[in-house]
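Q: Would you mind keeping the following structure in view while I ask a few things?
Numbering (my numbering), first residue to last: 13 to 385.
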């Protein structure tokens with residue numbers, strides 16, 4: 013196997029990244045580890061990695077990698093090195109605990125929401141370190157309050173923290189009344205002009221993406237909603253900033269893709285996807301996030317092994333989550349195949365109660381064509 017010369021890597025190897033941070037101007041060689049490159053090729057046994065100036069410059073079998081004179085050599089025999097993982101859908105302003113989403117399950121009677129927010133901010137160093145210790149070297153916060161921009165700066169200045177990409181407040185067709193705060197994470201514009209203004213306010217702070225939240229209720233004017241959300245997308249794309257859309261109905265998901273969204277951050281939940289949707293996602297190279305595990309967390313909360321807690325929690329959980337989860341799962345059992353860009357992940361959200369981790373890439377997704385009969 014030949015030695016690889018790497019000029020650019022999307023995520024530093026976990027161990028390599030830490031060592032490079034310790035010696036930014038020197039040369040470090042890590043030798044003897046088993047290296048999983050993430051390219052699909054077999055693991056490199058007794059491998060070597062050379063890091064110089066904070067960049068990985070060579071990876072390959074130990075016998076084929078030249079180590080510069082004077083390099084610090086790290087004996088990594090018996091260790092495994094993997095690419096840094098990227099969690100592509102988190103909300104760092106949400107703790108993953110019981111009280112973090114009163115718009116979903118309102119428990120403010122037991123814990124005020126402002127206390128929850130203060131606790132989240134106070135434990136930021138722990139949250140960041142938890143990611144790194146889990147092998148996650150990059151996260152994407154898919155929308156939160158304007159505090160997100162400050163949080164990104166804190167992460168950049170914190171030694172044991174992942175790289176953080178963010179969106180600011182979600183530009184939405186619906187704003188929950190149960191999240192009273194002076195720094196809202198969801199804002200509902202009433203016109204295309206207001207939507208464009210909301211985007212421009214975020215662009216001044218240099219977001220990594222703009223987040224659209226497209227929720228439709230019975231009686232809503234769909235075309236009016238689409239016009240407003242499309243204006244936000246156009247304003248963002250004009251400044252070369254990518255757009256992520258929360259659109260869990262088949263019709264709204266298609267509309268957001270046609271309007272120019274780059275990412276769908278959840279599975280379609282209301283019905284099975286059709287050929288038109290698959291073609292749209294494939295031809296426009298849309299990144300499709302399933303977020304199946306967070307819905308699974310809700311499902312297990314409502315239907316645990318012990319029936320009594322299940323009856324209690326079903327009073328709080330909207331029934332749509334249980335039905336939507338089964339629709340999302342059926343998308344995996346499609347009849348014919350196509351290749352689209354997907355993320356299978358755990359999302360930082362209420363009641364998931366699970367480690368936040370991400371596997372992403374291009375892989376085969378089965379296409380299920382809804383039977384029109």
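Idealized CB from N, CA, C, for every residue including glycine. The structure displayed is predicted, hence computed values, not measured ones.
1. Helix, strand or coil: which one does DSSP assign to residue 213?
2. Just to confirm the assignment, what range does the beta strand (DSSP E) spanning residue 258 have?
3. The beta strand (DSSP E) that contains residue 246, what's its start and end?
4. Just to confirm before moving on: does the CB-CB distance between residue 155 and residue 182 stay below 8 Å?
5. Excluding the five sequence neighbours on either side, which residues of its own chain have a C-beta within less than 7 Å of the C-beta of residue 77, listed in chain order?
6. DSSP beta-bridge partners for residue 84?
7. Should residue 147 and residue 161 be called a contact, given that it needs their Cβ atoms to be closer than 8 Å?
8. DSSP state of residue 92, grouped into three classes?
9. DSSP three-state label for residue 158, please.
10. Indicate whether the contact test is met: 3 or more Cβ pairs, each with one atom in the region 37-47 and one in the region 78-94, closer than 8 Å.
11. Can at least three beta-carbon pairs, one atom from the region 105-124 and one from the region 77-86, be found at a separation below 8 Å?
12. Comparing alpha-carbon positions, which option in 280, 199, 232 and 288 lies nearest residue 244?
13. Helix, strand or coil for residue 287 per DSSP?
14. So which of 144, 195, 189 and 152 has the shortest CA-CA distance to residue 170?
15. Look at the Cβ atom of residue 256, then the Cβ atom of residue 273, and state whether they are nearer than 8 Å.
16. Going by DSSP in three states, residue 116 sits in which element: helix, strand or coil?
17. Per DSSP, which residues does residue 396 bridge with? Please list them.
18. If you follow the beta strand (DSSP E) that residue 74 is part of, which residue opens it and which one closes it?
19. Measuring CA to CA, which of 94, 55 and 39 is closest to residue 64?
20. Based on the DSSP secondary-structure assignment, which residues constitute the bridge partners of residue 68?
21. Using the DSSP secondary-structure output, state which residues sit across from residue 145 in a beta bridge.
22. Does the distance from the C-beta atom of residue 153 to that of residue 178 stay below 8 Å?
23. Pick from 189, 203 and 204: whose alpha carbon is nearest that of residue 197?
24. For residue 124, count neighbouring C-beta atoms within 10 Å of its own C-beta (all shown protein chains included) and say buried if the count is 16 or more, exposed if not.
A: For this structure:
1. helix
2. Judged by DSSP secondary structure, residue 258 falls within the beta strand (DSSP E) whose first and last residues are 254-258.
3. Unbroken run through residue 246 is the alpha helix (DSSP H), 234-250; no beta strand (DSSP E).
4. It is a contact, given that the beta carbons lie within the stated cut-off.
5. 15, 60, 62 and 70
6. For residue 84, which the question treats as bridged, DSSP gives the partners 40.
7. Their beta carbons are not under 8 Å apart, which means residue 147 does not touch residue 161 by this criterion.
8. It is a strand residue.
9. coil
10. With the cut-off at 8 Å, the region 37-47 and the region 78-94 touch.
11. no
12. Nearest of 280, 199, 232 and 288 to residue 244, Cα basis: 199.
13. helix
14. If we check each option's Cα against that of residue 170, 144 comes out closest.
15. In contact: residue 256 and residue 273 (Cβ atoms closer than 8 Å).
16. coil
17. As displayed, the chain neither begins before 13 nor continues past 385, which places residue 396 out of reach and without an answer.
18. Taken as a continuous stretch (DSSP letters only), residue 74 belongs to no beta strand (DSSP E), as it is neither H nor E.
19. 39
20. Bridge pairing for residue 68: 63 [DSSP].
21. The bridge partners DSSP lists for residue 145 come to none.
22. yes
23. 189
24. exposed
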